[in-house]
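First comes the structure, then the notes that go with it.
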Amino acid sequence: MLVTGVARQLGGRFVRRIQRDPEVDRVVAVDAVAPEHHLGGADFIQTDIRQPSIARVLAESGADTVVHMDVTGTPLGSGSRATVKETNVIGTMQLLGACQKSPNVKRLVIKSSTNVYGSAPKDPAVFTETTPPKSLPSGGFAKDTVEVEGYVRGFARRRPDVAVCVLRFANILGPTADTPLASYFSLPVLPTVLGYDPRLQFVHEDDVVEVLRIASHEPERGTLNSGTFNIAGDGVLLLSQCSRRLGRPTVPLLLPAVTWAGSLVRTLGMSDFSPEQIRLLTHGRVVSTDQMRETLGFKPKYTTAETFADFVRAQTPGLLPPQAVAAAVDRIAALPVLSGGQTPARTATNPPTQSAN
Amino acid sequence: MADAKVIPFDDDRSRGAAVQRPTRRRGAGSRRKGGGEQAMARDVGTVREVQPLAGRIPAQEDVHVTRESPETGAEQPHDDADLERRVARGLAFLRRRLTGDYEVDDFGYDAELTDQVLMSLLRPVYEKYFRVDVKGIENIPAEGGALIVANHSGTLPLDGLMMQVAVHDHHPANRHLRLLAADLVFVLPVVNELARKLGHTLACAEDAERLLGQGELVGVMPEGFKGIGKPFGERYKLQRFGRGGFVSTALRKGAPIIPCSIVGAEEIYPMIGNAKTLARVLGIPYFPLTPTFPWLGPLGAVPLPTKWTIQFGEPIATEGYPPEAAEDPMLMFNLTDQVREQIQHTLYKLLVQRRSVFF
């Protein structure tokens, strides 16, 4: 088995996990930089998948399964957006070229993202795997994933004997996730778009590793693990809910101001607040996971809400911890004399202002 | 189609104001209303009582409690225990909201917020301002998916919101209506947020099928902008029903189609002109000019207090058709026409019964 993109947390976790499976003899881990975490005895080969040398590595390893995890939105350490794009697109092309040459490869797993659907107000509320996006992502990571999936479809046509599985992950969160959304949620004050409350879906890191494992083995009875699947936890959280559960206040800004602030922050290199991120935080995105359950036979351990709760536990408490807010409300409730006119008025007026908060 | 012109606006008003008809059961109520707001409220009460509707009584009790809560708060509390319970409930609600401890569904529908806050805000408009009469609520099934198809009018989509309140407050099962809205709704800030929380979603086949598949009650207004933005002279004349997509969706899911006719919404903003250039600049489908808007500024945007009637018609079953029926254009056109005719006929019938636009 050959795994790319192992220098990232998620890749490292997957490599360590997959070696415990009896079906796996040997894991060759590939990345352009040496990982900081240990790989649990996997053979690490430092090679850049953008170079043709990946073909030699694949041929020498004689791998029958290739797991391509090096499709990411953020650079690892220092790196520009151009490098990320090259790794995503050129790297995938090189890797697919190498796979096409290799007679051993029987299975290919691609880590994609639900970013391929874009986010637009004219989209249906819930995306299925076959929903065509109304507006194709114009740039950034979302466009990369669209292009990567295009090349993968071409490969699947040319090599019908290889089982190809494209996994479209919703926003990955968890105690150690290093995704752009995770860094957004760790800001002390969350900038939001005024007048929009996007619906978000999360998938837990543990579930990501587990579903990658299912996809890279022979399918179990009654399931099929080639094709395209949306992977997300059950349920939906609104951004306003997230901020309240996280205990971080939000600052609603007008859409142009958010775009401007995003580019400012990006220039300063503080956080990767890319345009597609802003679109996600404006219109939100929800995918249907029926195929994941029925065809792939995967049941996520964490729902969206549980994933977020697990993420919150690993975060430092925000400025308005939910426990403190709840305690404050309880203190009001415990007041000995509640004047009749005051409290119902509070309950009637507060929720709308809070939703604007 | 020209039949609509036999019920002109001015004629109605003069009839209602000058000629009192004691034979009509609501004649006395409408005369009293000249007195003021209080009389109007009492009038609503009397109207309610004479309505012969199944499942009416429990629904009304429910309405009563919610409606009174802000009022009693402002006045003197005569029942301490009751007030305390309400305060406790309000605080528990506040606590849940502030800590984010509530659920929304895949479409962003926030049942708790809708029930506790948004419905309570719409209810006074529904009961006191438009004094909506609901007929035929028993045509809505107690459970399972169904598609309610209604006419659309009134420049602003208040008719959809009133229909939602009508279904929720009058149906014995307190069902929630999930409305399908135009994409413009989801482009506008604030509006999209509220629409999602109220359970509305984009009018597209995917969303409608998903909701019907979940056994939800879905409301659609196939006339779209053609209906809501038509000039006042064409009131109560149904426009083309889109491409009949709602019929194929209902056929695919085997959900009954319930035609719904709404009378009264046409006159809330009599649209006498349309500033097309301004609309194009603002990127909206029409810019209404009414006798009061935009001349009186925000005051001109207050709707006229017309008296509404919402009638739900006999359901049209769609189960008997074979699966490929949804692809049959002829059948779709026929069914679309059937629904359209039924709504139009009911509209005429209600218009003939109506004594005045305002009472």
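Line order of the protein sequences matches chains A and B. Letter by letter, the first sequence follows residues 1 to 357 in the working numbering. Letter by letter, the second sequence follows residues 358 to 716 in the working numbering. For glycine and all other residues, C-beta sits at the position ideal for the given N, C-alpha and C. Note that this is a predicted model, so its numbers are computed, not measured.
Boundaries of the beta strand (DSSP E) in which residue 490 of chain B is found, first to last residue: 490-492
Spatial distance of residue 714 of chain B from residue 296 of chain A (CA atoms): 59 Å
Beta carbon of residue 236 of chain A nearer than 8 Å to that of residue 266 of chain A: no
Endpoints, alpha helix (DSSP H) assigned at residue 706 of chain B: 686-710
Beta-bridge pairing of residue 43 of chain A - partner residues as DSSP gives them: A:28
Status (buried if at least 16 other CB within 10 Å, exposed otherwise) for residue 432 of chain B: Model confidence at residue 432 of chain B stands at a pLDDT of 47, short of 50, so the residue's coordinates are unreliable and nothing is read from them.
Residue-level contact to chain B via CB, residue 197 of chain A, 8 Å cutoff: yes
With 16 other Cβ atoms within 10 Å as the buried cut-off, status of residue 659 of chain B: exposed
8 Å Cβ cutoff, residue 238 of chain A in contact with chain B: yes
Contact list for residue 561 of chain B against chain A, beta-carbon separation under 7 Å: 124
8 Å Cβ cutoff, residue 194 of chain A in contact with chain B: yes
Option in A:138, A:74, A:192 and A:60 with minimal Cα separation from residue 256 of chain A: A:192
Cβ contact check for the segment 163-173 of chain A and the segment 209-225 of chain A: 3 or more pairs under 8 Å: yes
Presumed contact (8 Å Cβ cut-off) between residue 598 of chain B and residue 580 of chain B, rounded CB distance: 7 Å
Cβ pair count under 8 Å reaching 3, the segment 514-527 of chain B against the segment 490-503 of chain B: yes
Assigned exposure category for residue 130 of chain A - 16 Cβ within 10 Å defines buried: exposed
Contact list for residue 465 of chain B against chain A, beta-carbon separation under 9 Å: 125, 197, 198, 199, 236, 238, 284 and 286
Residues near residue 642 of chain B in its chain [Cβ-Cβ closer than 8 Å; skip 5 each side]: 541, 582, 586 and 636
Integer-rounded CB distance, given that residue 557 of chain B should sit under 8 Å from residue 538 of chain B: 5 Å
Three-state secondary structure (DSSP) of residue 512 of chain B: coil
Beta-bridge partners of residue 253 of chain A, as assigned by DSSP: A:193
Neighbour flag for residue 422 of chain B against chain A, beta carbons, 8 Å: Interpretation of residue 422 of chain B is limited by its pLDDT of 38, a score under 50 that renders its predicted location unreliable; no figure is taken from the coordinates.
Segments of 4+ residues assigned as alpha helix (DSSP H) that fall wholly inside the segment 164-214 of chain A: 180-185
N-terminal and C-terminal residue of the beta strand (DSSP E) that residue 107 of chain A is part of: 107-113
Residues near residue 252 of chain A by beta carbon distance below 6 Å, same chain, minus five either side: 192 and 194
Sub-8 Å separation of residue 662 of chain B and residue 503 of chain B beta-carbons: no
Buried or exposed by the 16-neighbour rule on C-beta atoms within 10 Å, applied to residue 214 of chain A: buried
Cut-off 7 Å between Cβ atoms - residues of its own chain near residue 704 of chain B, not counting five sequence neighbours on either side: 508, 593, 618 and 620
Under 8 Å from the C-beta of residue 564 of chain B: neighbouring residues of chain A: 124, 125 and 126
Under 8 Å (Cβ pairs) to chain A, residues found in the segment 543-561 of chain B: 543, 544, 545, 546, 547, 548, 549, 550, 553, 554, 558, 559 and 561
Own chain partners of residue 118 of chain A with C-beta closer than 6 Å, once the 5 adjacent residues on each side are dropped: 133, 135 and 137
Segment contact flag, the segment 64-72 of chain A with the segment 92-105 of chain A, C-beta cutoff 8 Å, min 3 pairs: yes
Pair within 8 Å by beta-carbon distance, residue 70 of chain A and residue 4 of chain A: yes
Under the three-state DSSP convention, the category residue 222 of chain A falls into: coil
Residue 274 of chain A versus residue 239 of chain A - alpha carbon distance: 17 Å
Spatial neighbours of residue 220 of chain A in its chain, beta-carbon cut-off 7 Å, leaving aside the 5 residues before and after: 297
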